[in-house]
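FYI, the numbering for the sequence shown is 11 to 195, going by the numbering used here. Quick reminder that beta carbons are idealized off the backbone N, C-alpha and C, glycines included.
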Amino acid sequence: SMKVVRLRLELAEELLKDESLNVRILLLVRDPRGTLQSRKHRHWCPGAPDCDQPNLLCEDIAADYETAIRFQNEYPTRFRVIRYEDLSIDPYRHVKDLFQFFQLYMHPSVEAFLNSHTNHNSGGTSSTFRDSKSAPFHWRTELNFSEVQYIEKNCDQAMKLWGYVKAHNESHLREFNPLDVYTVE
11 SMKVVRLRLE LAEELLKDES LNVRILLLVR DPRGTLQSRK HRHWCPGAPD CDQPNLLCED
71 IAADYETAIR FQNEYPTRFR VIRYEDLSID PYRHVKDLFQ FFQLYMHPSV EAFLNSHTNH
131 NSGGTSSTFR DSKSAPFHWR TELNFSEVQY IEKNCDQAMK LWGYVKAHNE SHLREFNPLD
191 VYTVE
């Protein structure tokens, strides 16, 4: 198994085409507002256009959606999509589903790990201890409304495709549920 970050989905198709490899691919999608807020705190990102520009990020996210539809139809047993926010809100259900997808045994220690690592924050930026239900939504308080509007303006199509709701104003930003239903079919 391996984790690949920021690889465009279409580039992975050769791996799926070769059935002898027995490759399974999970596309993890995140709200661009959360992605960009998180990247602000990384020393390597600010000033790098392919990292901190919402239009470039969202072009990639929208392209991944179109590819995901195709992969879902062509490789239904070897391709899966999940939004980071959905995984964070209900980690037990989604982790169980992912273990099944990858044909792995879910050892009881995995549930113990989830219990100890998803219910509270500690250890700073790189820590694996997070209140998983609130972590994906920190951008609502850490970005100001003009930053959010700028991202939303540049990410309109990608946000609609992946079921992310726009903020109406500053007070709405702090309180609303940014998730809507989405499908990849």
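Distance check between V191 and each of A78, L114, M169, N179 places M169 closest, using alpha-carbon atoms only. Around the CB of N187, fewer than 16 other CB atoms lie within 10 Å, so the residue is classed as exposed. Residue burial annotation: V15 is exposed, with fewer than 16 other C-beta atoms found within 10 angstroms of its C-beta.
As DSSP reads the structure, V39 sits in a beta bridge with R93.
The three-state secondary structure of L114, taken from DSSP, is coil. Between L25 and A78, the C-beta spacing is not below 8 Å.
Put simply, of C165, V175, H182 the residue whose alpha carbon is nearest the alpha carbon of D62 is C165. Between P64 and S98, the C-beta gap is not smaller than 8 Å, which leaves the two residues out of contact.
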